[in-house]
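Participant: Next up is a structure, given as C-alpha cells.
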Amino acid sequence: MLSERKVLQDLVKSITDYDEEAASTAAEKAVEEGVGSIEAIEQGVAVGLKKIGEDYERGETFLPELMMGANAAQKALKVLLEHMPQGSDYRGQGRIVIGTVEGDIHDIGKNIVAAMLRANGFDIVDLGVDVSIQRFVDSVKKFKPDVLGMSALLTNTMPKQQEVIQALKHENVRDSVRVILGGVPVTEEWVKKIGADDLGKDAMDTVQKLKKS
Ligand code: B12
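Residue numbers (our numbering): 454 to 666.
So this is what it looks like as C-alpha cells:
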C-alpha cells in the first residue's frame, strides 16, 4: 500500500514532469488508495500547477511547458472528478451560473469548483471560458440563478468582473443575484472594491460559503 503522501507527491511530479500517462496513473492510484478526490486535487494537482506556473514566471520555462503541464493536470482531473463523492443532501441548493471572463481561457479551477458544487447539490449552468459581459448578463436574466460565479486568472482580465457587475446594475438585475468571484489574482479587497459579494478561495471554501445551512 502506498502512503497518501507518496500518492500526492506522484501527482505533483506527473504534472511538473509534463507526463500525461503518469498523471492518469497517479490519479487512479489516489482513487484506489482511498485518497479523497478533493484532497488529491488541492494537494496534488493544484500544487503541481502552481509549481509549473512559478517556473514559467521565473522565465525557466515557456508556454509549451505550461500547456503540457496543464494537459497532464487535465488527465488527472478526469479520473478524480469522476470519483468525486456525491453529497447525501443532493439537489435543492440553488442554481449557479458560472464562467471565465472575456479574454481568459483558464478553466481548470472553475471546472473543479463547478464539479464540487454539482456534487453538493447545486444546479450548475457552466458558460465556459472567454464569456462576454453581455452573455453573463443575458444568462442571469434567462436562468435566474441564485448565484453568479466569475473566474479570472489574469490580472488584465480581472476588470471584466467589474464590468459585468456594472452591466448587471445597468440592466437592473444586480440585486437578484449573489456574485462570487474566484481565480488566483482575486482578493477580498478586489471583491469589496467592485461590489461583488464573496470570494471563493478554493472549491471547499466556495461550497462552505454558498451551501444553505
Ligand atoms: C494551467 C495554466 C495555463 C493553461 C490553462 C489551461 C486551462 N484549460 O485552464 C494555459 C497553458 C492555456 C495558460 C495560458 C496562459 N497563461 Co496561464 N497559467 C496556468 C497555471 C500554471 C495554473 C492555473 C490553474 O489551473 N491552477 C489550478 C487551479 C486549481 O487553481 P485556480 O485556477 O486558482 O482555481 C482555484 C481558485 O482560484 C478558485 N476559483 C477559480 N475560479 C473560480 C471561480 C469561482 C466562481 C469561484 C467561486 C472560485 C474559483 O477555486 C479553484 C479551485 O481551488 C497558472 C499559475 C497559477 N499559479 O495559477 C498560470 C497563470 C495564471 N497563467 C499566466 C499567463 C501569463 C498565461 C498566458 C498569458 C501565457 C501566454 N504568454 O500566452 C496565457 C493566457 C491565455 C488566456 N488568454 O487566458 C500567469 C498570469 C499572470 C498574471 N498576473 O496575469 C500565471 C499566474 C502564471 C505565472 N505565474 O506567470 N495558462
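Built from N, CA and C at the ideal position, the CB exists for glycine as well.
Going by alpha carbons, who is nearest to residue 564 out of 587, 656, 647?
Facilitator: The residue labelled residue 564 in the question sits at position 111 within the sequence shown. Of the listed residues, the one whose Cα sits closest to residue 564 is 656.
Participant: Report yes if the C-beta of residue 566 is less than 7 Å from at least one heavy atom of the ligand B12; otherwise report no.
Facilitator: Reading the sequence shown from its first residue, position 113 is the one you call residue 566. True, at least one ligand heavy atom lies under 7 Å from that Cβ.
Participant: From 598, 510, 529, 585, pick the residue whose C-alpha is nearest to that of residue 548; which is it?
Facilitator: Position 95 of the sequence shown holds residue 548. For residue 548, the nearest C-alpha among the options comes from 598.
Participant: Can you list the alpha helix (DSSP H) stretches of 4 or more residues lying completely in the stretch 591–627, in chain order?
Facilitator: 611–623
Participant: How would you write the range of the alpha helix (DSSP H) that residue 566 sits in, first residue to last?
Facilitator: For the purposes of this step, residue 566 is identified with residue 113 of the sequence shown, where counting begins at 1. In this chain, the alpha helix (DSSP H) harbouring residue 566 covers 561–572.
Participant: Pull up the DSSP beta-bridge partners for residue 635, would you.
Facilitator: Residue 635 sits at position 182 when you count from the first residue of the sequence shown. 604.
Participant: Express the C-alpha separation of residue 522 and residue 463 in angstroms, rounding to a whole number.
Facilitator: Stepping through the sequence shown from its first residue, residue 463 is reached at position 10. Stepping through the sequence shown from its first residue, residue 522 is reached at position 69. Their backbone Cα atoms lie some 14 Å apart in a straight line.
Participant: If I follow the unbroken alpha helix (DSSP H) through residue 458, where does it start and stop?
Facilitator: For the purposes of this step, residue 458 is taken as residue 5 along the sequence shown, with counting starting at 1. 457–469 is the span of the alpha helix (DSSP H), which, as asked, contains residue 458.
Participant: Run through DSSP, which three-state label would residue 580 get?
Facilitator: For the purposes of this step, residue 580 is identified with residue 127 of the sequence shown, where counting begins at 1. Three-state DSSP puts residue 580 in coil, outside helix and strand.
Participant: What is the DSSP secondary structure of residue 586, reduced to helix, strand or coil?
Facilitator: The sequence position of residue 586 within the sequence shown is 133, counting from 1. Note: residue 586 maps to helix in three-state DSSP.
Participant: Quick check: does the Cβ of residue 536 come within less than 7 Å of any heavy atom belonging to the ligand B12?
Facilitator: The sequence position of residue 536 within the sequence shown is 83, counting from 1. Because no heavy atom of the ligand B12 lies under 7 Å away, the Cβ of residue 536 does not count as near it: no.
Participant: Quick one: does the C-beta of residue 607 sit closer than 7 Å to a heavy atom of the ligand B12?
Facilitator: Here the question's residue 607 lines up with position 154 in the sequence shown. It does: the Cβ of residue 607 is within 7 Å (strictly closer) of some heavy atom of the ligand B12.
Participant: Span of the alpha helix (DSSP H) holding residue 506?
Facilitator: Within the sequence shown, numbered from 1, the residue matching residue 506 stands at position 53. 499–510 is the span of the alpha helix (DSSP H), which, as asked, contains residue 506.
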